[in-house]
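Engineer: Once you've had a glance at the structure underneath, I'll fire off some questions.
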RNA sequence: GCCCCUGUGGCGGAAUUGGUAGACGCGCUGGAUUCAAAAUCCAGUUCCUUCGGGAGUGGGGGUUCGAUUCCCCCCGGGGGUACCA
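This is the structure in structure tokens:
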């Protein structure tokens, strides 16, 4: 009866699965609790030790909640559509469905090895037709709804058509992109194609021609967050802007609700800040400027309407629609030259040369509506086409960029804000007194903003307006491995949504995953599929991965329902996610889209909660240490590769080196600052990477040539903390850890590493401590193959140890402080060992207490104690305050805040009694000798401080 | 630049509403056991010290009887975001 992890784990894994120990019922008599992990993308590399960090935390928490009497839903599934599987298919010919399913199998096995309590009967995978049927259905609903601003919710598009028939577009207050209004009569006169185009400007899922980030190498459109520094995040390929017809979701219609909803949820401030930042609400005014000799009016958005008297020129984005019209004949050449210059510049250049000011004068003038001065209209790169209206009123006295522009092109500058009362304030700070501004003069900026908006509205020049930074991001991907859009086009090219009985629209099978060219997905070549029904063609783009992950948490509630995305009753019961744990990498896209879909499903009556995730914890990343060796760029004689150790490289700063990542298995003292490759490591390295055969290795003390004579050499490597990734050969696999130490140890060690939110590099330095703890725990029950648990009444001291542990552990779980909970278990075991306590009445509650942390060990011990059923259905112990009471407490006694002595003082002592004991102490007497006691502070159960 | 987080022994990290700084673990030192090693057990481990004590939670200042905790300024590390009008 030794503590044999492998044997115990395989036994109970089998038992749990055969007895459906973790199957969740929809037992509505119990209070529900929904604990969710962000489901993983099943990548070919498998799980690494970083993934389980959050999963272990939710596993502990869900087990704790179940034992505490809740009906707990804790499911797991797979975000199974996505680019990596398709890239892999192009490279190897293996169908994404096959590689994805293989990977999922591997993931499930790895997850089960760690002992997670998922109910696999509720699992989902986004690439399963029975799942994406509902992803497609939600999309059709988005397509069939528009956003009614009066009702502040999504409303059926049929209602919109009725309104158009009665009052044209004038009768509608909706989120839209319509350019010109129309009457009821005009509506009736429009052709079907025209009507459809207008409705597209209102639908929540709609098509638009937009500039997209096209990546030729990947053959697809990328989202903004898939691009880093102008290159694709994956692969680092160049990305260009290209005009394409794309599906988009009108997320901007929900901007205000997405922003306000953040006040309802218990998320970290930093995460909320990220979403607020992304939504980017700013208050200001929309103002129309008349153009000289033209009927058009330029619309601008400004957050500083107070500075309008200082607006001495205007700037349009170079891509603004009116640039051509506003350019006068004598400026045409210059404008054309400038525009072609702008077009020639890559995204990277534009971003890296932000400081440089460029622009050109169109030749036209606008009129400042407050000063009635003619002001020149320029175009300039610093004004962006897709923010605001793509045009600005420039106030060079109060904006850094306008100022730089005006200075360079010698445009007039009028000071309108006097900041002499605010010495440290920068130009953009909204403080100061208005000057040179007529009726605003003398007002403080904040006051002036309100007054200016009022004046703008009275003069009918515009209105106060709220602007959002957030854009409607596009929803089309030119890929195979995604959900097909449930859309078909009729002979006139009008898009129609498929009806529920036509869903799911299956992704056709193929063995050719190459993009079709011309920005089309591989589906575009499948003519049979495209033209499935006479007179109709199918949409060939597919949805982005974010589609399937936007609502998966609802499907878990009723995962196998063929008739609905989930039944009404089950959605009512499970309501929304009580606890959601996942990484920050999804802070914006996934969490924002999920919230959007949820709010939309709320509007159409599918869900009844306003926010999908009540509490959210961002687990930190477990990073890897990347070990590099320096390769001299210049090769030696005969093309010999020369590697040098860290100190040699650092003492030769003139020589250029390439950093070659080394597999961490070859490294000695891995993870420490002075990790190195010894002779054996070097031999493994050259064997593993044959192109470095015969290489020379130089350290500060020795030189070794591969294949030559053995030398005593230590090559110090460069260690960097970074991502754990296949590419850096630094992936640590949880399977190895589980095999070596056992799943319980692995779980508790990951929790013991530190706070769950914190990122930290993986190291196994402390794992022995946890392993020792588990063995000590086991030895409280078992010794020399005998169960040594005794009957008998525990002493007061033993009960105190038990109950203080129950208290500490429960409180720590409630506040997600798992590292301190593990530490409390260690303290407890140390104390019980010191007391030589083996009493059943102490140990039985302790097994239940440990069960969420170490499910295998505790199940085994529960079985040995002849407990009934599974430990994981036993009630969690509750602490009893009466065992924690003490007659007297050791008080620290300080003189002037500095601790000088301590004394046992009865718990119920009054201030005077305590003071008398403290002052009577010999050590204290010595300190206060010859000094006057000014004051004595007594904090019950805490401390005594004597002020002299 | 702006926003958010963060800074405590050799290391990972503890410290309720401000109340004994360094819990717990690793590592290290000494000892026991052993032919020896591993494992295990016991003791010690913030730094300085003339052994009285002194200093100490990134640095400087402040509030307080008392500050890792609250306030102000500065420095370092991490993340997000950006010609956003």
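In the working numbering, the protein residues as written are -19 to 928.
C-beta: ideal position from N, C-alpha, C; glycine also.
The structure displayed is predicted, hence computed values, not measured ones.
Could you round the C-beta distance between residue 294 and residue 371 to whole angstroms and report it? I think they count as a contact, below 8 Å.
Structural biologist: Numbered from 1 along the first chain, position 314 holds the residue referred to as residue 294. Numbered from 1 along the first chain, position 391 holds the residue referred to as residue 371. Sure, about 7 Å apart at Cβ, within 8 Å.
Engineer: Tell me the rounded alpha-carbon separation between residue 166 and residue 182.
Structural biologist: In the first chain, the residue the question calls residue 166 occupies position 186. In the first chain, the residue the question calls residue 182 occupies position 202. Those two C-alpha atoms are separated by around 17 Å.
Engineer: Leaving out the 5 sequence neighbours to the left and right, which residues in its chain are closer than 8 Å to residue 93 when beta-carbon positions are compared?
Structural biologist: Translated into positions along the first chain, residue 93 becomes position 113. Only -11, -7, 714, 715, 718, 723 meet the Cβ criterion.
Engineer: Smallest Cα separation from residue 794: which of 356, 44, -2?
Structural biologist: Translated into the one-based positions of the first chain, residue 794 becomes position 814. For residue 794, the nearest C-alpha among the options comes from 44.
Engineer: For residue 696, I'd like the list of residues in its chain whose CB is within less than 8 Å of its CB, leaving aside the five on either flank, ordered along the chain.
Structural biologist: Here residue 696 corresponds to residue number 716 of the first chain, with the count starting at 1. 625, 626, 627, 654, 655, 656, 679.
Engineer: Does DSSP put residue 360 in a helix, a strand or coil?
Structural biologist: In the first chain, the residue the question calls residue 360 occupies position 380. In this structure, residue 360 counts as strand in the three-state DSSP scheme.
Engineer: Name the DSSP beta bridge partners of residue 741, please?
Structural biologist: The residue you call residue 741 lines up with position 761 of the first chain. Note: residue 741 sits in a beta bridge opposite 603.
Engineer: Can you say whether residue 855 is buried or exposed, counting buried as having 16 or more other CB atoms within 10 angstroms of its CB?
Structural biologist: In the first chain, counting from the first residue as 1, residue 855 sits at position 875. Exposed, because fewer than 16 other Cβ atoms sit within 10 Å of the Cβ of residue 855.
Engineer: Report yes if the CB atom of residue 929 is closer than 8 Å to the CB atom of residue -17, and no otherwise.
Structural biologist: Nothing about residue 929 can be read from this structure; the chain reaches only from -19 to 928.
Engineer: Mapping DSSP to helix, strand and coil, what is residue 612?
Structural biologist: On the first chain, position 632 is the one that residue 612 refers to. Strand at residue 612.
Engineer: Taking C-beta to C-beta, are residue 567 and residue 251 nearer than 8 Å?
Structural biologist: One-based indexing of the first chain puts residue 567 at position 587. One-based indexing of the first chain puts residue 251 at position 271. A contact, by the Cβ cut-off of 8 Å.
Engineer: Suppose only complete runs of 3+ residues qualify. What are the beta strand (DSSP E) ranges in the segment 504 to 568, listed by chain order?
Structural biologist: 557 to 562
Engineer: Ends of the alpha helix (DSSP H) at residue 918?
Structural biologist: If you number the first chain from 1, residue 918 lands on position 938. Careful: residue 918 lies outside any alpha helix (DSSP H), inside the beta strand (DSSP E) at 915 to 919.
Engineer: Measuring alpha carbon to alpha carbon, tell me which residue in 858, 864, 828, 832 is nearest residue 847.
Structural biologist: Indexing the first chain from 1 puts residue 847 at position 867. The shortest C-alpha separation from residue 847 is found at 828.
Engineer: Between the C-alpha atoms of residue 664 and residue 686, what's the straight-line distance to the nearest angstrom?
Structural biologist: What you label residue 664 is simply residue 684 of the first chain in a count that begins at 1. What you label residue 686 is simply residue 706 of the first chain in a count that begins at 1. Their Cα atoms are separated by approximately 10 Å.
Engineer: Within 10 Å of its beta-carbon, does residue 11 have 16 or more other beta-carbons around it, so buried, or fewer, so exposed?
Structural biologist: Here residue 11 refers to the residue found at position 31 when the first chain is read from its first residue. That one is exposed.
Engineer: Is it buried or exposed, residue 853, if we count other Cβ atoms within 10 angstroms and call 16 or more buried?
Structural biologist: To locate residue 853, count along the first chain from 1; it is residue 873. Around the beta-carbon of residue 853, fewer than 16 other beta-carbon atoms lie within 10 Å, marking it exposed.
Engineer: Would you mind working out which of 184, 155, 141, 173 sits nearest residue 163, comparing C-alpha positions?
Structural biologist: Sequence index remark: in the first chain, residue 163 carries index 183 (1-based). It is 141.
Engineer: Of all the options 523, 548, 525, 524, which has the alpha carbon lying nearest to the alpha carbon of residue 535?
Structural biologist: Counting from 1 along the first chain, the entry for residue 535 is found at position 555. That would be 548, whose Cα lies nearest to the Cα of residue 535.
Engineer: State the CB to CB distance for the pair residue 564 and residue 228, rounded to an integer number of angstroms; the pair is presumed to be in contact (CB under 8 Å).
Structural biologist: In the first chain, counting from the first residue as 1, residue 564 sits at position 584. In the first chain, counting from the first residue as 1, residue 228 sits at position 248. Incorrect: roughly 26 Å between the Cβ atoms, too far for contact.
Engineer: Tell me whether residue 841 is buried or exposed, calling it buried when 16 or more other Cβ atoms sit within 10 Å of its Cβ.
Structural biologist: Numbered from 1 along the first chain, position 861 holds the residue referred to as residue 841. Residue 841 should be labelled buried.
Engineer: On the three-state DSSP scale, how would you describe residue 463?
Structural biologist: Taking the first chain and counting its residues from 1, one reaches residue 463 at position 483. If DSSP states are grouped into helix, strand and coil, residue 463 belongs with coil.
Engineer: Three Cβ pairs or more, each shorter than 8 Å: is that satisfied between the segment 426 to 444 and the segment 257 to 273?
Structural biologist: yes
Engineer: Determine the burial state of residue 778: buried for a count of at least 16 other Cβ atoms within 10 Å of its Cβ, exposed for fewer.
Structural biologist: Numbered from 1 along the first chain, position 798 holds the residue referred to as residue 778. The residue in question, residue 778, is buried, as its Cβ has 16 or more Cβ neighbours within 10 Å.
Engineer: In whole angstroms, what is the alpha-carbon distance linking residue 219 and residue 477?
Structural biologist: Within the first chain, residue 219 is the residue found at index 239, counting from 1. Within the first chain, residue 477 is the residue found at index 497, counting from 1. So the two alpha carbons sit approximately 32 Å from each other.
Engineer: Measuring CA to CA, which of 906, 893, 349 is closest to residue 920?
Structural biologist: Taking the first chain and counting its residues from 1, the one referred to as residue 920 is at position 940. The shortest C-alpha to C-alpha distance from residue 920 to any of 906, 893, 349 is the one to 893.
Engineer: Round the Cβ separation of residue 108 and residue 562 to the nearest angstrom and send it over; I've been treating them as touching at under 8 Å.
Structural biologist: Translated into positions along the first chain, residue 108 becomes position 128. Translated into positions along the first chain, residue 562 becomes position 582. So it is not a contact: roughly 21 Å between Cβ atoms.
Engineer: Could you check where the beta strand (DSSP E) with residue 340 kicks off and where it finishes?
Structural biologist: Stepping through the first chain from its first residue, residue 340 is reached at position 360. Note, residue 340: beta strand (DSSP E), 339 to 347.
Engineer: Whose CA, out of 274, 396, 197, lies closest to the CA of residue 285?
Structural biologist: For the purposes of this step, residue 285 is identified with residue 305 of the first chain, where counting begins at 1. Measuring from the Cα of residue 285, the nearest candidate turns out to be 396.
Engineer: What is the DSSP secondary structure of residue 190, counted as helix, strand or coil?
Structural biologist: The sequence position of residue 190 within the first chain is 210, counting from 1. Three-state DSSP puts residue 190 in a strand.
Engineer: Measure the alpha-carbon distance for residue 486 versus residue 464 and round it to whole angstroms.
Structural biologist: Position 506 of the first chain, counted from the start, is the residue given in the question as residue 486. Position 484 of the first chain, counted from the start, is the residue given in the question as residue 464. Roughly 7 Å separates the two Cα atoms.
Engineer: By alpha-carbon positions, which one of 259, 37, 527, 24 ends up nearest to residue 83?
Structural biologist: The residue labelled residue 83 in the question sits at position 103 within the first chain. It is 24 whose Cα lies nearest to the Cα of residue 83.
Engineer: According to DSSP, residue 58 sits in a beta bridge with which residue or residues?
Structural biologist: Position 78 of the first chain, counting from 1, holds the residue named residue 58. According to DSSP, which records beta bridges pairwise, residue 58 is partnered with 105.
Engineer: Would residue 355 and residue 340 qualify as a contact pair, given that the criterion is a beta-carbon distance under 8 Å?
Structural biologist: Along the first chain, read from residue 1 onward, the residue named residue 355 stands at position 375. Along the first chain, read from residue 1 onward, the residue named residue 340 stands at position 360. Cβ atoms of residue 355 and residue 340: not closer than 8 Å.
Engineer: Compute the Euclidean distance between the alpha carbons of residue 417 and residue 287, then round it to the nearest angstrom.
Structural biologist: By 1-based counting over the first chain, the position of residue 417 is 437. By 1-based counting over the first chain, the position of residue 287 is 307. Rounded to the nearest angstrom, the two C-alpha atoms are 8 Å apart.
Engineer: Can you confirm whether the segment 626 to 641 touches the segment 608 to 615 when touching is taken to mean that 3 or more C-beta pairs between the two stretches lie within less than 8 Å?
Structural biologist: yes
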